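Just so we're aligned, residue 44 is where the sequence shown starts under the numbering used here, counting upward by one.
Quick notes on the structure that follows.
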Amino acid sequence: MTRLRRAHYIVPCRAARTRYSASDRGAPQSGHRPTARPVITPKTERHVNPKTSDQTLEGGGRDGGADGSLGEQLRRAREARGVSLREISEQTRITMRHLEAIESDDYKQLPGGIFNKSFIKSYARHVGFDEQRALELYARTARERGESVDEVATTPHRSRVYMDDPARSPWVTFLLSVVIVGVLALIVYGGLHYYRRTEGPQAAGAQPSPAAANANRQAAAQAPPAAAQGFHVQVKSARPFWLTSWQDDEKKKRGRFLAPDKPEEFQPESALNLHYDKVSADALQVTVNGQALRTPTDTTVWTITKDNYKQFAQ
């Protein structure tokens, strides 16, 4: 009976206990005590994810709950570095509203699609968090919520910020430049075309018809010379000469520099006043209605009228 109790105590396996008890009933007693077998505890098999180098349990797997969500981990990384959301917004050009949505795991507030990944990568890079790890946590959270990672958000809207990663294609800039240059060229061409169309009729209207031109020439031939009927004064100088003049009752005097090859023409109603230097009087040449006059040298102001100009005739 003592040996049976010892067998029950030593052998943990029920089948082994049965065999041991059956074989030992008729065996002689001895002082030898059987060696206890070591108890083998089943080990839990662990697998290693080759992408993240993280060990996961075979049974339950790891869902990131121990470390918190993506937003919580990013927030802790930011606080560990002592960086504010405002500083991250200024560095990454991501709005404060989008950064707060990332930390609260509210991805519906983000633009969606590739913009979400770009925002999360920029945020993670700025706080020293593994970018690939951040994208995996984001994708897993989105799938658990039934959201598509590659599709746009529920309420799509255009992002008003430019990120550092998705650089604008040079082809887009080139096409925009071509469009702008083309529009400017069309505007210039249209302006020139309109100007030519409006100037053409005006120039044509300014030219008299052949019949009107002939009538004007005949009237000019029949009419007497204007010089014979009016009071026409021509003043010129043999050398450079400074002359001041005023007509009729004018109070404002006008001075000019006479050149030998540029005579001055006057059409006063009754009188013309000439102010000149006595020393240069001999260089002054005056004609009235084609008749040459003698320039007085005893005065500096010469008044020529319809009534007295003949007394200065040469």
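All C-beta atoms in this analysis are idealised placements derived from N, C-alpha and C, irrespective of residue type, glycine included.
Source: prediction; values computed, not measured.
Original post:
Is the distance from the Cβ of S112 to the Cβ of I137 below 8 Å?
Top reply: no
**OP:** Tell me whether the beta-carbon of S288 lies closer than 8 Å to the beta-carbon of P303.
**Re:** no
Original post:
How close, in whole Å, do the beta carbons of L301 and W345 come, if the pair is a contact with beta carbons under 8 Å?
Top reply: Not quite, the Cβ-Cβ distance comes to about 14 Å (not below 8 Å), so this is no contact.
Original post:
Whole-angstrom Cβ separation of T330 and L336, contact assumed at under 8 Å?
Top reply: 7 Å
Original post:
Secondary structure at L301, three-state DSSP: helix, strand or coil?
Top reply: strand
Subject >> Alpha-carbon spacing of G273 relative to N332, whole angstroms >> reply: 8 Å
**OP:** Confirm, please, whether the CB-CB distance from Q134 to H141 is below 8 Å.
**Re:** no
Subject >> Cβ shell of Q354 (< 6 Å), same chain only, five flanking positions each side left out >> reply: none
Original post:
Secondary structure at I347, three-state DSSP: helix, strand or coil?
Top reply: strand
Original post:
In the DSSP assignment, what residue or residues form a beta bridge with A335?
Top reply: T330
Original post:
With distances taken between CB atoms, is the gap from A314 to T338 smaller than 8 Å?
Top reply: no
Subject >> For H275, three-class secondary structure by DSSP >> reply: coil
Original post:
Taking C-beta to C-beta, are V170 and R129 nearer than 8 Å?
Top reply: no
Original post:
For A177, which of E143, H236, G114 and D291 has the nearest alpha-carbon?
Top reply: G114
Original post:
Buried or exposed: F217, going by 16 or more other Cβ atoms within 10 Å of its Cβ?
Top reply: exposed
**OP:** May I ask you to report which of helix, strand or coil DSSP gives A314?
**Re:** strand
Subject >> For L327 and T340, the rounded distance between their alpha carbons >> reply: 10 Å
**OP:** Report back the beta-carbon spacing between L117 and E146 to the nearest angstrom; my notes put them in contact at under 8 Å.
**Re:** 6 Å
Original post:
With distances taken between CB atoms, is the gap from A120 to F158 smaller than 8 Å?
Top reply: no
Original post:
Just how far apart, CA to CA, sit K305 and R240?
Top reply: 39 Å
**OP:** Name, in chain order, the residues that DSSP records as bridge partners for T287.
**Re:** G298 and H318
Subject >> Close-in-space but distant-in-sequence residues of the same chain around E307 (CB under 6 Å, 5 per side omitted) >> reply: V278
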